[in-house]
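**Q** Mind looking over this structure? Questions follow.
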Amino acid sequence: MRRNFPVLVTLSLVIIALGAAHFSSDEYKSGIVWPEPVAVEPGNPSTAPADAIVLFDGTHLDAWKNGDAWKIEQGHAEVHGKSIQTKQAFGDCQLHLEFATPAEIRGKGQGRGNSGVYLMGKYEVQILDSYENPTYFDGQCGALYKQQPPMVNASRGPGQWQSFDIIFSAPRFDGEGELKQPAYVTVLHNGVLIHNHYELPGGTFWDQPPHYQAHPDKLPITLQNHGNPLRFRNIWIRENIEPLVGKQPEANQ
Ligand code: MG
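Position 106 of the sequence shown, counted from 1, bears residue number 112 in our numbering, the numbering being contiguous throughout.
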């Protein structure tokens, strides 16, 4: 034991020295002066965050053109007669909405519980009753219509409430109408990721391959009437989805 003593002391000193070296090294700081992230009261599962634009709170569809065509009862709106479009135009956004396909099963394939969210009126995230209802995969619930099937089928059964959370970057065009930046979309269906920053090759068409047609940076969102009485509730949108920008260190002097 005595013989080992110097070795133990040496080892201990080495360990202490290493530890000191570790803790005495300077902490990395980028020097960037960030704006303080704004405090936002988040919603609970049935309400919008404080900084969202509420598009439907269960009581009226005043934010929508043709909204008076749909039936509103018991805190939800039922598809009836027409598609509806937001009165306000939107581009980049985070969109939340909840929907329920009809509890009573009627039709099959594309004829069963069909609706859709058309971002900018042009890029459809398909809504369909895809619970044990086969159809073409790039047309099932959550598909970017005729472009990309969802990664998984996260559908709940007929009549059950479901959710979409969509993060959308609008495409950009130059003055000549040439595409400068494509659209990107991320979608969670019932909290499950089904598209991760997917690059859209263009608008979603029933009868044409995807392609872009130049349009403004902001356009209304459409909810589709496809003749099936789906219900919607709790629809809200947030427009500011840009990262914070800080000041570089050299700009602070
Ligand atoms: Mg549809």
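Backbone N, C-alpha and C define an ideal beta-carbon position, used for all residues, glycine too.
(1) Distance, Cα to Cα, Pro235 vs Gln254?
(2) Looking only at DSSP bridge pairs, what is Trp40 linked to?
(3) Three or more C-beta pairs closer than 8 angstroms, one from the region 67-75 and one from the region 201-221: is that the case here?
(4) Alpha carbons only, please: which of Ala56, Pro41, Gly163 is nearest the one belonging to Glu47?
(5) Could you say if the region 123-142 and the region 88-105 meet the contact criterion of at least three C-beta pairs nearer than 8 angstroms?
(6) For the candidate residues Tyr129, Pro249, Leu185, Glu182, whose alpha-carbon lies nearest to that of Trp212?
(7) As a quick exercise: from His195, Glu110, Arg162, Gly165, pick the residue whose alpha carbon is nearest that of Val123.
(8) Whole angstroms is fine: what's the gap from Lys35's alpha carbon to Leu229's?
(9) Who sits around the ligand MG, taking every residue whose Cβ is closer than 7 angstroms to one of its heavy atoms?
(10) Determine the direct distance from the alpha carbon of Leu101 to that of Ile173, and round the result to whole angstroms.
(11) On a Cα-Cα basis, can you pick out the residue from Gly119, Phe179, Tyr151 that is closest to Gln166?
(12) Could you please give the first and the last residue of the uninterrupted beta strand (DSSP E) stretch that includes Tyr190?
(13) Where does the unbroken beta strand (DSSP E) through Thr92 begin, and where does it stop?
(14) Taking the C-alpha atoms as reference points, what is the distance between Pro156 and Gln219?
(15) Give a yes or no on contact between the region 110-117 and the region 136-144, applying the rule of three or more CB pairs nearer than 8 angstroms.
(16) Cα separation between Gly197 and Arg162?
(17) Got a sec? Which residues, its chain only, sit under 8 angstroms from Pro216 by beta carbon, not counting five neighbours each side?
**A** Short version:
(1) Rounded to whole angstroms, Pro235 to Gln254 spans 54 angstroms at the Cα level.
(2) According to DSSP, Trp40 bridges with nothing at all.
(3) no
(4) Ala56
(5) yes
(6) If we check each option's Cα against that of Trp212, Tyr129 comes out closest.
(7) His195
(8) 47 angstroms
(9) Around the ligand MG, the residues selected by a Cβ distance under 7 angstroms to any of its heavy atoms are Asn120, Ser121, Gly122, Glu130, Gln132, Ile133, Leu134, Tyr151, Gln230, His232, following chain order.
(10) 6 angstroms
(11) Gly119
(12) In the DSSP assignment, Tyr190 falls within the beta strand (DSSP E) that extends over 190-195.
(13) 90-92
(14) 24 angstroms
(15) yes
(16) Distance between the alpha carbons of Gly197 and Arg162 is about 12 angstroms.
(17) Lys152, Gln153, Leu206, Pro207, Gly208, Gly209, Thr210
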